[in-house]
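Residues in the sequence shown are numbered from 1311 upward in steps of one, following this note's numbering.
Comments concern the structure below.
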Amino acid sequence: MAIALCAQPVYSAGTVTNCTEPCLRAALVDGGQVKILCDGTIALSAPLIITNATSLDASDHQVVLSGNGAVRVFEIRFGACLWLTNLVLADGTNNNGGAIFNEGTDVFCDGCVFMGNQAHGADVPDNASGEPAAGGAILSYGSLTLVNCVFATNRVAGGTGSGGNYGGGEARGGAIYAEGGLLLSNVVFLNNECAGGRSGRGETGWGPNGADAFGGAVCCTSNLDVFNCVFRGNVTSAGWPGGWRAHRGNGYGGALAIAGGTAWICGTLFESNSVSGCAGLGGAIWHSGDYLLLSNSTLRANEASGDKLSYYYDAGGGPGAGGGLCVGSPCTVLNCTFQRNRCIGGPGNQLPFGWGMPGGPGLGGAVFSTAQLRFEQSTIVYNLAHGGDQSGVFAPGGDAFGGGICIGDDTAALVNLTVYANTACGGAPDPWIGFEAGSASGGGLCVTNGVAGLTNCTLLANAATGIPYPDFNGQLGEEQGGGLANVATGALSVFNSIVAGSISGGDVYGTFTGGYNLISGEPRLAGLANNGGPTLTVALYLDSPAIDAADPISAPPVDQRGVARPFGFAPDIGAFEWNGPVPAQFYIHTPVLTDTGCALTVYGPPDVLYRLQASDDLAEWSDICTNQNSWPGFSHLTDPILAPARFYRIVSP
């Protein structure tokens, strides 16, 4: 665990009673405990250099230490250490570590806010590469511990290359770049950005590719511990090419890039983060360290998008991989929810005489893995893998693999998973002549290489569709396995699992081994609901053929919720062990405005009557319709009334 090893100084060095730069500097000269007893903004003309064990405490006061858009705030020399409490560090600027540069010691921050800091690699003169940059707010080569802190609108950007064949600078860590150990507890990261540098144009337009970018909020190359944190709205954008024949750099981790060490992430929300580049890898998290344990966390509405392999005319699109998580090193995922993440392949190019190149692949709407993966007791719901679209003629759209999960290499053990209503969607062909849309494989899960095994999983209402979203003009793409697809030469085993209710593409494509499964048919399942445990699950009805039908030897000792197996004579098939009736639960998917009204999708158990009601003021409600869902447990309904504000609810008859 990465915690500060330097003890907080116990001797008092004085107080700051006047919020001015000279008063603050005088109090910090000899280190020790320094208390700020005033309110205000202290604009710095030069960095504050820390050479001794120092504690700076602004508890009960509102104090901003500002770099004024010109200087870094703190520099901590090797052998010193620094404790900061209840401070705002704003508008710090440097090539690396806009607010704090930690040379190799221990830094501890409690209740601090880091806002509007930036690190920008130097834009160099002619015939030189742009300088790299790291740590929009903090660059740390020592132990860094952050508790109850906020990082907002910090930015790191690589420098721009110039002249001929000179590249841009890499960028790492929109808020933090850490090499000496990092502990984050109850820390919020909002709208931080990591941008790779633009390359030079190069002779005749070739030039080098744009620079890579790592971690919209955090890039860590050492041991990392993350507890009860929030990463929201962070962005990683790879650098652009200066020449038109090259391509962008690659983007790694919209919120978090793990480039080394062992990482443990627990109780953390990753929401609305994004990564883009020639290859966009990991909308929330990119992992290439020694080992990652991700537990009791939610990854929601993150996006990984690829771009063109060349801005010339002779290349297709690059991959978008792992809308939530991209795994490149051993990883365990436990008790997590992946919801509404998406990956999108890059667009294809058009040749000068009109022919096009195919769009790039979309790989794993929620998770893409090329390393050892153990994935347990988790829910993967409403994720999307979309192949890249094509703008040239006579070229297909990009292929999509694994709307929920894509296993691209190595081994994967998937146990007690609910994989619900995910979609793999082929990319659109050209909009003029209309070639073929990209193929879609494995709406819930696709294995493209390596070896995978499913045990007691439930794959329900997933889709593999060759009809690109939102529309297109051309031939349908192949639809291969709405629930599960094995397009690999490696082995796939499936035991005690349900694969049913697929919307398109059939339930299964390819071969697999195993047994004691319910494939297709009507397994008598309720809708996705809170049935206890850390994640939503799909319950079994009392008359489900899955009850007491699993192989007791291969079944795990508990179900997805943690309920002991077996409850009855034998374990149940799927991720849910029936242990008594569950109440009917309904919920409404995000409404979408159309020309004919407000389109809603209502999820809930099939064959149970309910009323959809609407209100303009939450006081008076009126019925839109009475309905019951058909198998597999949802209905598409429309409210014909368009209003500035409209509320919806489900009630029983």
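Glycine is no exception: its CB is placed at the ideal position from the N, C-alpha and C atoms.
Could you tell me which of S1365, D1349 and L1835 sits nearest to Y1851, measuring between CA atoms?
With distances taken between Cα atoms, Y1851 lies closest to L1835.
Following the continuous alpha helix (DSSP H) through R1335, name the residue where it begins and the one where it ends.
Where R1335 is concerned, the enclosing alpha helix (DSSP H) stretches over E1331 to L1338.
Within 8 Å, do at least three Cβ pairs link the segment 1860–1871 to the segment 1629–1644?
With the cut-off at 8 Å, the segment 1629–1644 and the segment 1860–1871 do not touch.
Which two residues bound the contiguous beta strand (DSSP E) that contains K1345?
Unbroken beta strand (DSSP E) run through K1345: G1342 to I1346.
Grab me the residues of D1433's own chain with a C-beta within less than 7 Å of its C-beta, minus the 5 sequence neighbours each way, in chain order.
Within the same chain, and ignoring the five residues on either side of D1433 in sequence, the residues whose Cβ sits closer than 7 Å to its Cβ are G1440, G1469 and T1470.
Neighbour-count burial assignment, I1575, 16 or more Cβ in a 10 Å radius
Buried: at least 16 other Cβ atoms inside 10 Å.
Taking 8 Å as the threshold, find out whether the segment 1642–1661 comes into contact with the segment 1683–1691 through three or more Cβ pairs.
Segments in contact, yes.
Under a Cβ-count criterion, where at least 16 other Cβ atoms within 10 Å of its own Cβ denotes burial, should C1459 be classed as buried or exposed?
Buried: at least 16 other Cβ atoms inside 10 Å.
Can you give me the Cβ contacts of P1551 inside the same chain, cut-off strictly under 8 Å, excluding the 5 residues immediately before and after it?
Same-chain partners within the cutoff: R1508, S1509, G1517, P1518, N1519, G1520, H1557, R1558 and Y1621.
In chain order, what residues of the same chain lie with their CB nearer than 6 Å to the CB of I1951, ignoring the 5 residues before and after it?
If you ignore the 5 residues before and after I1951, its C-beta comes within less than 6 Å of no other C-beta in its own chain.
Determine the burial state of T1900: buried for a count of at least 16 other Cβ atoms within 10 Å of its Cβ, exposed for fewer.
Exposed, by the Cβ-count rule.
Assuming the contact rule is C-beta atoms closer than 8 Å, V1804 and G1820 should be a hit. Round their C-beta distance to whole Å, please.
Between G1820 and V1804 the Cβ distance is about 11 Å, and since that is not below 8 Å, they are no contact.
Might you give, ordered along the chain, the residues of its own chain that have their beta carbon closer than 6 Å to the beta carbon of T1768, omitting 5 neighbours on each side?
Cβ within range, chain order: T1728, I1808, V1848, G1884 and A1885.
How is H1557 classed by DSSP in three states: helix, strand or coil?
The answer is coil: DSSP assigns H1557 none of H, G, I, E or B.
Do N1544 and G1526 come within 7 Å of each other at the CB atom, strictly closer than that value?
Contact flag set, yes.
If we count the other Cβ atoms within 10 Å of its Cβ and call it buried at 16 or more, is A1705 buried or exposed?
By the neighbour-count rule (16 or more Cβ atoms within 10 Å), A1705 is buried.
Quick check: G1837 and G1914, are their CB atoms within less than 7 Å of each other?
Yes, the Cβ-Cβ distance between G1837 and G1914 is below 7 Å.
Whole angstroms are fine: how far does the CA of G1564 sit from the CA of G1791?
Using only the alpha carbons, I get a separation of about 29 Å.
Take L1786 as the anchor and find which of I1352, A1750 and C1422 has the nearest alpha-carbon.
Per the Cα distances, A1750.
Return the first residue and the last residue of the beta strand (DSSP E) that F1805 is part of.
Per DSSP, F1805 belongs to the beta strand (DSSP E) from L1802 to F1805.
Could you check if E1503 is buried or exposed, using at least 16 other CB atoms within 10 Å of its CB as the buried criterion?
Classification of E1503: buried, given that the 10 Å Cβ count is 16 or more.
Count the other CB atoms, across all protein chains shown, that sit within 10 Å of the CB of Q1938; report buried if there are 16 or more and exposed otherwise.
Q1938 counts as exposed, since fewer than 16 other beta carbons sit within 10 angstroms of its beta carbon.
Hey, how far is the Cα of A1312 from the Cα of S1598?
At A1312 the pLDDT is 45, less than 50, meaning the model places this residue with poor confidence; the figure from the coordinates comes in the next sentence. Going by the C-alpha atoms only, they are around 19 Å apart.
Quick check on DSSP: helix, strand or coil for F1879?
The answer is coil: DSSP assigns F1879 none of H, G, I, E or B.
Could you check how far apart the C-beta atoms of L1392 and V1383 are, in whole angstroms? I think they sit under 8 Å.
Contact doesn't hold; Cβ gap of about 11 Å is too wide.
Residues near Y1826 in its chain [Cβ-Cβ closer than 8 Å; skip 5 each side]
So the qualifying residues of the chain are F1805, N1806, A1859, A1860, D1861, S1864 and I1883.
For A1462 and T1936, the rounded distance between their alpha carbons:
Answer to the nearest angstrom: the Cα atoms are 46 Å apart.
In whole angstroms, what separates the C-alpha of S1355 from that of D1401?
The alpha-carbon atoms of S1355 and D1401 are separated by roughly 12 Å.
Contact under 7 Å by Cβ, N1560 with G1587
Yes, these two residues count as a Cβ contact at 7 Å.
Exposed unless 16 or more other CB atoms sit within 10 angstroms - verdict on P1668:
Around the beta carbon of P1668, 16 or more other beta carbons sit within 10 angstroms, so the residue counts as buried.
Between the Cα of A1810 and those of A1801, L1828 and T1823, spot the shortest distance and give me the residue it belongs to.
Comparing Cα-Cα distances from A1810 to each of A1801, L1828 and T1823, the minimum goes to L1828.
From what residue to what residue does the beta strand (DSSP E) around F1576 run?
The sequence given here places Cys at residue 1576; Phe does not occur at that position. Unbroken beta strand (DSSP E) run through C1576: T1572 to C1576.
Residues bridged to R1542 [DSSP beta-bridge criterion]
DSSP lists L1500 and E1581 as partners of R1542.
Nearest to H1946 (by Cα), restricted to the options I1486, E1930, L1928 and V1902:
Ranking I1486, E1930, L1928 and V1902 by Cα distance to H1946 puts V1902 first.
Whether R1465 touches G1446 by CB criterion (7 Å):
Contact flag set, yes.
For the beta strand (DSSP E) holding Q1372, just list the boundary residues, first then last.
Taken as a continuous stretch (DSSP letters only), Q1372 belongs to no beta strand (DSSP E), as it is neither H nor E.
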